[in-house]
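Q:
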Amino acid sequence: MKEFKVIEVKRSIFEDNAADAARLRETLREQKTFLLNLMSSPGAGKTSTLKRTISMLKEEMQIGVMEADIDSDVDAQSILETGAKAIQIHTGGMCHLDADMTRQGLLEFGTQDLDLVVLENVGNLVCPAEFDTGACKNAMILSVPEGHDKPLKYPLMFSVCDVVLINKTDVLPYFDFDMEKCRAYIQKRNPKARVIPISAKTGEGFDEWTDWLRRETADWTKGQ
Ligand SMILES: Nc1nc2c(ncn2[C@@H]2O[C@H](COP(=O)(O)OP(=O)(O)OP(=O)(O)O)[C@@H](O)[C@H]2O)c(=O)[nH]1
Ligand SMILES: [Mg+2]
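Just so we're aligned, residue 1 is where the sequence shown starts under the UniProt record's numbering, counting upward by one.
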């Protein structure tokens with residue numbers, strides 16, 4: 001019987017991407033720009049959270065946002081209104097960004113003078129978690145209406161994130177969302193993850209969130 005070789009294409013893609021991502025982080029370290037990869041399912045509140053975050057930090061640091069979507073430019077338009085620099089990336093139907101796509105976006109954007117760049121990844125709880133974008137830290141948003149069981153159903157997303165924002169706490173009275181169970185499920189997946197309940201609508205939790213971001217950006221730009 002003729003022998004044939006089986007190539008693990010997915011694996012080699014991931015390995016190439018991991019090397020690319022590591023190179024991108026080196027470049028970001030050299031130019032003293034902190035890149036945060038922000039992920040969530042569609043509509044969890046990424047853009048709303050970013051708008052409030054920018055309004056709280058824009059006097060202290062130069063901020064840029066790269067909006068990744070399959071189509072449209074509504075999020076980039078919305079960020080521009082805050083006064084921050086914004087660029088829209090269209091993924092051509094892809095449900096995630098990899099390190100090379102992120103690098104292309106950063107080059108086009110011109111990030112030399114920026115202290116903090118946030119990549120708003122494509123709304124999806126599965127694919128974006130599989131690809132290292134080259135970001136310095138990963139953050140995700142889980143919103144109250146999605147339910148407290150999501151860390152059990154989408155474990156990879158929760159395990160790759162340094163911080164989990166639980167957004168829309170203002171609607172907690174209307175949903176059977178158990179915050180303590182949610183915290184325990186996240187802890188089970190990722191004991192190191194910082195969990196911060198927030199409301200992009202009321203501003204609850206934003207002091208803790210912006211403190212985290214301020215400290216991470218400062219540590220990165222100081223080379224720590
Ligand atoms: N009640 C409430 N609504 C919120 C909050 N944050 C966001 N929303 C609403 O949720 C909807 C989606 O918010 P976006 O900020 O566009 O969510 P997104 O994650 O950027 O969405 P995509 O980019 O489409 O994936 C909008 O109608 C927001 O007004 C919040 O804290 N409380
Ligand atoms: Mg958005």
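All C-beta atoms in this analysis are idealised placements derived from N, C-alpha and C, irrespective of residue type, glycine included.
What you are looking at is a predicted structure, and each value in this text was computed from that prediction instead of being measured.
1) With a 10 Å radius around its C-beta and 16 neighbouring C-beta atoms as the bar for buried, classify LEU107 as buried or exposed.
2) Could you name each continuous beta strand (DSSP E) segment of 3 residues or more that falls completely within the stretch 40-104, going from the start of the chain to the end?
3) From GLN62 to LYS5, what distance separates their C-alpha atoms?
4) Is ASP73 near ligand 2, judged by its Cβ being under 7 Å from some heavy atom?
5) Quick check: what's the CA-CA separation for ASP149 versus CYS182?
6) When DSSP labels each residue in this structure, what does VAL163 get in the three-state scheme?
7) Check whether the Cβ of ASP170 sits closer than 7 Å to any heavy atom of ligand 1, and report yes or no.
8) Give me the Cα-Cα distance between TYR185 and PRO191, rounded to the nearest whole angstrom.
9) When we look at the beta-carbon of ALA135 and count the other beta-carbons within 10 Å, is it buried (16 or more) or exposed?
10) Taking C-alpha atoms, which residue in MET101, GLU3, ASP207, ARG214 lies nearest to ASP115?
11) Whose CA, out of GLN112, TRP209, ILE79, THR133, lies closest to the CA of ILE141?
12) Smallest Cα separation from PRO145: which of GLY43, LEU38, MET101?
13) Select from GLU59, GLY93, GLY105 the residue whose C-alpha is nearest the C-alpha of CYS127.
14) Whole-angstrom Cβ separation of LYS137 and GLU216, contact assumed at under 8 Å?
15) What would DSSP say about ASN124, mapped onto helix, strand or coil?
16) Leaving out five residues before and five after PHE158 in sequence, what residues of the same chain have Cβ atoms less than 6 Å from its Cβ?
17) Comparing C-alpha positions only, which one of LYS32, ILE87, GLY203, MET66 sits nearest to MET39?
18) I'd like to confirm the pairing. Which residues does DSSP put opposite ASN138 in its beta bridges?
19) Pull the bridge partners of LEU119 from the DSSP assignment, please.
20) For GLY147 and LEU125, I'd like the C-alpha separation in whole angstroms.
21) Candidates ALA218, TRP220, ASP207: which alpha carbon is nearest THR49's?
22) For ILE198, name the three-state secondary structure that DSSP assigns.
23) Rounded C-beta distance between HIS96 and VAL122? I'm assuming under 8 Å.
A: Well, looking at it:
1) exposed
2) 63-69, 85-90
3) 51 Å
4) no
5) 7 Å
6) strand
7) yes
8) 10 Å
9) buried
10) ARG214
11) TRP209
12) GLY43
13) GLY93
14) 6 Å
15) coil
16) PRO151, ILE186, ARG189, ASN190
17) MET66
18) ASN37
19) ASN37, MET66
20) 13 Å
21) ASP207
22) coil
23) 6 Å
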